[in-house]
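Protein chains in written order, with this note's numbering: chain A, 1 to 339; chain B, 340 to 920.
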């Protein structure tokens, strides 16, 4: 007779269920991405997934861990998808694969595998690649790019030349560059109205991708996979600082709405900063973590040298997470009044 | 309708209560033998007062309460004592314990029962009667009830909370008790009320037991009592004493306090019932209601004699062939009984026939992903995953910083963990390790204190030896003085045969009364004795004599530290020993 300990009932939950739901929540954003920006993203998702599973399998073998159990937990797929979604959609296949392998091998398994990584693996991949391959990581296709899928796949696989004309900057980058070049003569309103890379609220097309992430994120919250703290604090801090500077000088600073719907803000707020492994865990800690990430993301994307700041913001906050957790332990049942 | 409070966390496992509430309570037949453990409550181990071969009657004392926090144990039926011996226990450890084994004679013949009107008794007499009747908390904790029936002297008793919540899945014995015997439960609550004199009496029942609540309301009305029957939301673990107190009164009792410190006390409904039977019918606790459910054909509640082998009880409900074990208690906090021959005890509220169909084997354990589901489920607002990391790393100091002793082991964290980590197991492990280490540390501290004391004593001995040598030298001088005095003495007188005085000072010559020769002889003897004494004292010193003030202070310090160490950890002891100056 076995003598397993109580409880003998367990809720029907598992790590793979959690990860699967995260992937499902990414679907609206991916759908908008594929529809409005280009279906090449689907190819990148496949490349990243294969690279992630391959690297995961290799590391599990080296570490003597059970393959089936950990390959099926879905965590490698989530990392892979986040990498594919943050890299330029026409980036060469090897860049996406390299980033993914680095994330799984170095950022995840060298730190002890699932649950042990102090940094968000996808963001480590992004940071490593943008520092090592700044040119390739900055080539974004213009929305409405008229290029058949098979041609795009050829570009990704390196079978067709990377035509410079096909690639441009992100809306965030375009705005920043224009503002820098134009100095005092240009104002944000004109820029956003004149250039065809901007849509109603932010980057054309991209704003709806962000909307898709928002939708998926809200579903994750409704499913209790994430709590409200991090996304609210992230978006709140981003809105607050962008709003303050926008009110101060609307000619030089874009509106909060623009910032919320640009770059990796929504993806970061709901899918990246909410990573429980590398983030904070206490309610207050999550608020601090989210707000810090939102604030840093804004500062880096507006005043820094990179097109977007979410990756570095999240990594910097990952560094602080253990300390924040330590200092934000909630008072427990029966000990809420100050003694 | 009074407003209720909420506790954070909690989970909603499937309740499985309907299975066993369809049939009324049945009296379980006399088993082939009864194995009655002597230790059935928190506190002291009752002493056996019978031996093999004794004839006993139902309700006869077989184990005598050992101290105040201890409760008597009685023969559950009439028969013959077969043995007082070690026998398997319903305890997860699987260890045996001392039991009185009784072979029933089939007559089930009571001792002379003495019903009393408790209102004619003094409160302390009521408490003693409860202790003598073996009344303990039947919610599962089996704390001797009389020990909880003294109100705090400093804090007024605001609320008496009666626990009929019964939040664990499968268990329905309190439900059925309230449905069928509500009046006696309410009368029992009346005893508690009269002893504690609370301002309010609140009876909490989860809202999935409307029949029980209705029966209790009817009984409260019939007896014209001002008790409030409150239906609380069904949310595990609402039946935990601290959770129910929180829901009904808004008060939060931390691990470091007793509920009476906050002016509230809590009893289970079944405890109230047995208290009433003990006082008003003179019946000690020899049986209890047990739910038999799970993988059985006819789940129901039985009135079961304490000591009934679990296997015999389970058989009454006809377990299915795939039954592969017995859970005592509920599926959230119960445990698989290591030996099905273990007896039903006062803590046994439920037996669940275990099978894989009802309780599928757990999926393999995965690493913690810090998702925080456990923290959201914890009714004590702990951070179970942090405790888990620390327990795993054997960083027990940190587990205490993170309040591991506030964990009530309700199992909510394990229930919701997507990584299938048996969190509660880790916490039990950490707690027992901490207890073991505390004991070892205390022992080591005692040894250290003894060593320090020995060192100090050695130093003092050296000082004493020097002092004694000085005294010996003084005695030599005295001898010479005596000789001189003897020479000077002219007339002899009667010499008193004095016994030599121990102190060197007493060797003062008494020239007027000694003749010269004898005096000289005596002085020599005295001096020799002094030397011998000094020598003796050098090897066998008296500890407390002739200490310098510095030495005395050092001794006091060590004594103070030792006394502190007996009760408190080292960290607090250091500043106290400084204060001892």
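Here a beta-carbon is modelled for each residue, glycine too, at the ideal position from N, C-alpha and C. A quick note: this is a predicted structure, and the numbers were derived from the prediction, not measured.
- Taking a contact to require three or more Cβ pairs closer than 8 Å, the region 287-297 of chain A and the region 226-245 of chain A qualify as touching.
- Shown in chain order are the members of the region 688-708 of chain B whose Cβ falls below 9 Å from a Cβ of chain A: 691, 693, 697, 698, 699, 700, 701, 702, 703, 705, 706, 707, 708.
- Residue B:546 holds the alpha-carbon nearest to the alpha-carbon of residue 572 of chain B among B:546, B:613, B:560.
- Setting aside the 5 residues that flank it on each side, residue 28 of chain A is surrounded in the same chain by 212, 215, 216, each with a C-beta closer than 7 Å to its C-beta; the list follows chain order.
- Assignment of residue 140 of chain A by DSSP, reduced to helix, strand and coil, places it in the strand class.
- The beta carbon of residue 753 of chain B sits closer than 7 Å to some beta carbon of chain A.
- When DSSP states are grouped into helix, strand and coil, residue 690 of chain B belongs to the strand group.
- Residue contact with chain B for residue 251 of chain A: absent (no Cβ-Cβ distance below 7 Å to any residue of chain B).
- At a Cβ-Cβ threshold of 7 Å, residue 795 of chain B and residue 893 of chain B count as neighbours.
- Residues are counted here when their Cβ sits less than 7 Å from a Cβ of chain A; for the region 646-680 of chain B these are 663, 664, 666, 670, 671, 672, 673, 674, 675, 677, given in chain order.
- If you keep only unbroken beta strand (DSSP E) runs of at least 3 residues inside the region 438-496 of chain B, you get nothing at all.
- By the beta-carbon neighbour count (other beta carbons within 10 angstroms, threshold 16), residue 598 of chain B is buried.
- Judged by DSSP in its simplified three-state form, residue 683 of chain B adopts coil rather than helix or strand.
- As a beta-bridge residue in DSSP terms, residue 575 of chain B pairs with B:350.
- Taking C-alpha positions only, residue 46 of chain A is separated from residue 73 of chain A by approximately 17 Å.
- Per the coordinates, the alpha-carbon of residue 205 of chain A lies some 51 Å from the alpha-carbon of residue 743 of chain B.
- Within chain A, no C-beta atom comes nearer than 9 Å to that of residue 371 of chain B; the closest sits roughly 22 Å away.
- Around the beta carbon of residue 790 of chain B, fewer than 16 other beta carbons lie within 10 angstroms, which makes this residue exposed.
- Separation of the CB atoms of residue 517 of chain B and residue 557 of chain B is rounded to 11 Å, and the pair is thereby denied contact status at 8 Å.
- Per the DSSP secondary-structure output, residue 436 of chain B pairs in a beta bridge with B:426.
- DSSP, read as helix, strand or coil, puts residue 324 of chain A in helix.
- The C-alpha of residue 651 of chain B is placed about 7 Å away from the C-alpha of residue 370 of chain B.
- Taking a 10 Å sphere around the C-beta of residue 175 of chain A, we find 16 or more other C-beta atoms and assign the residue as buried.
- Scanning the region 231-307 of chain A from its first residue to its last, the whole alpha helix (DSSP H) runs of 4-plus residues come out as 256-260, 283-303.
- With a cutoff of 7 Å on beta-carbon distance, residue 410 of chain B and residue 401 of chain B are scored as not near each other.
- In the structure shown, the three-state DSSP call for residue 365 of chain B is strand.
- With respect to residue 314 of chain A, residue 273 of chain A sits close: the two C-beta atoms are nearer than 7 Å.
- For residue 14 of chain A, the residues of chain B that pass the 9 Å Cβ criterion are 702, 705, 757, 758, 759, in the order they occur in the chain.
- Using beta-carbon distances, residue 719 of chain B counts as an interface residue toward chain A, with a partner under 7 Å.
- The C-beta of residue 111 of chain A comes no closer than 7 Å to any C-beta of chain B.
- For residue 374 of chain B, the closest of B:506, B:367, B:383, B:649 by C-alpha to C-alpha distance is B:649.
- When Cβ pairs closer than 8 Å are counted between the two stretches, the region 236-252 of chain A is seen not to touch the region 35-55 of chain A, the count staying below three.
- Per DSSP, residue 806 of chain B is not a residue of any beta strand (DSSP E); the alpha helix (DSSP H) it occupies stretches across 762-827.
- Shortest Cα-Cα distance from residue 266 of chain A to any of A:26, A:8, A:14 involves A:26.
- Note on geometry: alpha-carbon atoms of residue 97 of chain A and residue 342 of chain B lie some 59 Å from one another.
- Under DSSP, residue 416 of chain B forms no beta bridge with any residue.
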